[in-house]
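Respectively, the protein sequence lines represent chains F and R. Using numbering that gives the first Met the number 0, the final residue of the first sequence is 339, and nothing's skipped along the way. Using numbering that gives the first Met the number 0, the final residue of the second sequence is 309, and nothing's skipped along the way. Below is one structure, written out as structure tokens; comments come after it.
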Amino acid sequence: MAAVLTRDIVKTFGTMTAVNGITLTVPDGEFMVLLGPSGCGKTTFLRIICGLEQQTSGDLIIDGNIVNEMPPRARGVAMMFQSYGLYPHYTVRNNIAFPLRTQRVSRAEIERKVEWSSRLLGIEHLLARRPRQLSGGERQRVALARALVREPTALLLDEPLSNLDAKLRASARQEIKQFQQRVGTTTIYVTHDQVEAMGMGDRIAVIDHGQIRQVGTPAEIYDDPADRFVATFVGAPPMNLLARNGAFLGFRPENFVPRDMIDDGAVTEFSFRVDRSEYLGSERIVYGVIDGFDAQVITAKLPPAHVAEDSIRPGEWHSFAVRNSALRYFDQVGKRATRH
Amino acid sequence: MVDIAEPVATRQPSRFRFILDRREVLGGLFVAPAILYVLLLVGAPFLLAVYYSISAYTIYDPSWRFVGLSNFRQIIQNPVFLGTLGNTFLFTFASQLLGLILGKFGALLLLRPFPGRKIVRAVIILPWAVPIALASVAWEWMFDSLYSVINWTMIALGIIDRSEAPNWLGNPHLAMLCVIVVNAWRFFPFAIVVFLAGITSVPQDVIDAATVDGAGFWRRNYQIILPMIMPIVAVGLIFGIVFTFTDLSIVYLLTNGGPINATSVLGFQGFQVGIVSGDVSHGAAISLFMLPVLFFVVIGMLRFIRRREI
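Structure, rendered in structure tokens:
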């Protein structure tokens, strides 16, 4: 286990810049999630950390050592790939043993470690099988066992849940998180799924166009987005943004409620015309426009228990409000501003 | 008032109207020429050869007298034939091994990007595409006892003295080496293609995983990539073995089986005895000797592929 530091990492492919100066500190034992849209450079950044790509410039420091020039095998990091990258011609036992065999660990020690990591992930009964005889969830566990078996300095996970179905994904999310807390390995987890990021990360680094937009705990990212990109990328539906005088006023859909639902504190009122509403069981999403901002679709997330369907019908005008404490301001370039 | 439709007179469509839409008919139709071709040009001559081999047929005495297995018994007792059998195995397996090694390294080199790679990839196919008769003439000159360019180069570089320049096609061991090298040279572009197809089919994630797991170049190649592409390589190898085992062109053109039968192989000897000397029944017996050998080689390799299937 070790801390992973990067200093101004840049990676260009020809004229294309994939990673544009990322400086990030992942303390020992932290679960850090790199969150960003497809093609934002997060996977490239991960491949630089494990040594599969060489950065164009910048320093990579693992456990206090600069490892820029070190080959992957000398870095001691383990990586789990999106499609797992299991060796199809080996049994599960040999798959897990492979990272140890490359380090010339003694036979008895390999046996012991394989035993240990397979028990940790509950796959002892699969050791004699081949990858093609496993289900998606089992493959994922085998890949995780293989990554952990040599007790890596850091564990890198590249969208490990994207090949699982929705139900399995929820349980696997929980398992990986619990598992990481138990083993305490420094973990860097790449995903484009904000639910995974919010649910698993100790901290989240939001990346766009090869740059970090914000690093913070899930609550910080959600409640205090550093700029318009983070505000609209995280949260479903995304934060509402009202453009006024070149600057932006933002508020989350769940904070935008009928005026009479807020009975204390300072509020900002809006006249809201309902266009359409969706009932989603635990919530009702209402789409409409605010008087004076006709071009923008505004969403409100309402608790169905409090708001009956026939009380907000399409075409009607209602008085909605946001608590002033829930309002966020962004300046012309989209950076967070304190107040107007 | 309610109108009830009159029942329409149904007309039975001809049974043969959609006959070509039936899979089994159309499939059979498409396969028929190939099957016919094989039956007429491979099956019939093969059966004829089987009969020749158990008869006393020669071109001087074209009787169909049945003699049982005595032809086989006679050729097995012939030391020249036993030498030929050994030569065939040596020639086949040594040239395949050499070809595979060259193919593997060639494929690895051609996988890396470098300027002119496409041209090199096209040119490397040449040994395979050039008619073997032409290529053999070129090789014959390179191995010539007087004008060998190989000897000339080695003498010029000071590696050997003019007096001890090897007589490539005159020395039994060197002659064998020569036919092996020429056959490997002819086979290796095919091996490159097979290896290229195999290596590019290995998922990048698996190779990356092996790299991160600590495998260096050799371990990646021999513990991950090679076992994964083994089924593809084995199919290529079956082709190579079958074609080499039955081939006589290189030996015929380069050494004519000599010196003193040192490079004689089964196909060549079968041709010499059966066609050139006119002893058809013994020639057929020699040629048929390849059959069980090839049969077991192919069965063995197919079983190996099945076992390795992943």
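Virtual Cβ for every residue (Gly too), placed ideally from N, Cα, C.
Simplified DSSP state of residue i, which is helix, strand or coil
{"i": "Tyr188 of chain F", "result": "strand"}
{"i": "His124 of chain F", "result": "helix"}
{"i": "Tyr278 of chain F", "result": "strand"}
{"i": "Leu23 of chain F", "result": "strand"}
{"i": "Gln102 of chain F", "result": "coil"}
{"i": "Met227 of chain R", "result": "helix"}
{"i": "Val66 of chain R", "result": "coil"}
{"i": "Asn93 of chain F", "result": "helix"}
{"i": "Gln210 of chain F", "result": "strand"}
{"i": "Asn254 of chain F", "result": "helix"}
{"i": "Glu268 of chain F", "result": "strand"}
{"i": "Met300 of chain R", "result": "helix"}
{"i": "Arg10 of chain R", "result": "coil"}
{"i": "Phe292 of chain F", "result": "strand"}
{"i": "Gly135 of chain F", "result": "helix"}
{"i": "Arg312 of chain F", "result": "coil"}
{"i": "Asn390 of chain F", "result": "No statement about residue 390 of chain F is possible, as the shown extent of chain F runs from 0 to 339 and does not include it."}
{"i": "Ile149 of chain R", "result": "helix"}
{"i": "Gly273 of chain R", "result": "helix"}
{"i": "Thr16 of chain F", "result": "strand"}
Cβ-Cβ separation, residue j to residue i (assumed contact under 8 Å), whole Å
{"i": "Ile191 of chain R", "j": "Gly273 of chain R", "result": "That belief does not hold up - the Cβ atoms of Ile191 of chain R and Gly273 of chain R are roughly 36 Å apart, past 8 Å."}
{"i": "Ala325 of chain F", "j": "Arg251 of chain F", "result": "7 Å"}
{"i": "Met300 of chain R", "j": "Leu225 of chain R", "result": "Not really, about 16 Å apart at Cβ, beyond 8 Å."}
Bounding residues of the alpha helix (DSSP H) (the contiguous stretch that carries residue i)
{"i": "Asp204 of chain R", "result": "Gln203 to Val211"}
{"i": "Asp222 of chain F", "result": "Pro217 to Asp222"}
{"i": "Thr199 of chain R", "result": "Pro171 to Ser200"}
{"i": "Thr346 of chain F", "result": "With chain F running from 0 to 339 in the structure shown, residue 346 of chain F is simply not present."}
{"i": "Leu35 of chain R", "result": "Arg22 to Val37"}
{"i": "Phe232 of chain F", "result": "Arg227 to Phe232"}
{"i": "Ile175 of chain F", "result": "Ala165 to Val182"}
{"i": "Val194 of chain F", "result": "Gln193 to Met199"}
{"i": "Ile8 of chain F", "result": "From DSSP, Ile8 of chain F is part of no alpha helix (DSSP H) but of the beta strand (DSSP E) over Val3 to Phe12."}
Rounded separation between residue i and residue j - CA only
{"i": "Gly27 of chain R", "j": "Val37 of chain R", "result": "15 Å"}
{"i": "Ser37 of chain F", "j": "Arg212 of chain F", "result": "15 Å"}
{"i": "Val292 of chain R", "j": "Gly266 of chain R", "result": "13 Å"}
{"i": "Glu163 of chain R", "j": "Phe288 of chain R", "result": "40 Å"}
{"i": "Phe97 of chain F", "j": "Thr90 of chain F", "result": "10 Å"}
{"i": "Phe80 of chain R", "j": "Tyr146 of chain R", "result": "33 Å"}
{"i": "Ile65 of chain F", "j": "Ala73 of chain F", "result": "12 Å"}
{"i": "Arg161 of chain R", "j": "Met153 of chain R", "result": "9 Å"}
{"i": "Ala235 of chain F", "j": "Ala77 of chain F", "result": "32 Å"}
{"i": "Phe142 of chain R", "j": "Gly215 of chain R", "result": "41 Å"}
{"i": "Pro12 of chain R", "j": "Asp20 of chain R", "result": "14 Å"}
{"i": "Leu99 of chain F", "j": "Arg22 of chain R", "result": "54 Å"}
{"i": "Val201 of chain R", "j": "Arg305 of chain R", "result": "18 Å"}
{"i": "His124 of chain F", "j": "Leu108 of chain R", "result": "42 Å"}
{"i": "Ala128 of chain R", "j": "Gln222 of chain R", "result": "33 Å"}
Residue i - containing beta strand (DSSP E), residue span
{"i": "Ser94 of chain R", "result": "First-last for Ser94 of chain R: Pro78 to Leu110, but that is the alpha helix (DSSP H), not the beta strand (DSSP E)."}
{"i": "His317 of chain F", "result": "Trp316 to Arg322"}
{"i": "Ala153 of chain F", "result": "Ala153 to Asp157"}
Residue-level contact to chain R via CB, residue i, 8 Å cutoff
{"i": "Thr5 of chain F", "result": "no"}
{"i": "Ser82 of chain F", "result": "yes"}
{"i": "Ala169 of chain F", "result": "no"}
{"i": "Ala246 of chain F", "result": "no"}
{"i": "Tyr188 of chain F", "result": "no"}
{"i": "Thr101 of chain F", "result": "yes"}
{"i": "Cys49 of chain F", "result": "yes"}
{"i": "Met78 of chain F", "result": "yes"}
{"i": "Pro98 of chain F", "result": "yes"}
{"i": "His191 of chain F", "result": "no"}
{"i": "Pro159 of chain F", "result": "no"}
{"i": "Tyr278 of chain F", "result": "no"}
{"i": "Asn124 of chain F", "result": "Strictly speaking, residue 124 of chain F in this sequence is His, with Asn absent from that position. No, because no Cβ of chain R sits closer than 8 Å to the Cβ of His124 of chain F."}
{"i": "His339 of chain F", "result": "Its pLDDT being 48, under 50, His339 of chain F is placed unreliably by the model, and the measurement read from it follows with that caveat. Chain R, which has no Cβ nearer than 8 Å to the Cβ of His339 of chain F, makes this no."}
Minimum Cβ-Cβ distance from residue i to chain F less than 8 Å
{"i": "Gly277 of chain R", "result": "no"}
{"i": "Met227 of chain R", "result": "yes"}
{"i": "Arg305 of chain R", "result": "no"}
{"i": "Arg302 of chain R", "result": "no"}
{"i": "Asp310 of chain R", "result": "One cannot answer for residue 310 of chain R here, as it falls past the ends of chain R, which runs 0 to 309."}
{"i": "Ala214 of chain R", "result": "yes"}
{"i": "Ile223 of chain R", "result": "yes"}
{"i": "Arg218 of chain R", "result": "yes"}
{"i": "Val232 of chain R", "result": "no"}
Interface residues of chain C facing residue i [CB-CB closer than 9 Å]
{"i": "Arg72 of chain F", "result": "Structure shown: chain C not included; protein chains present are F and R."}
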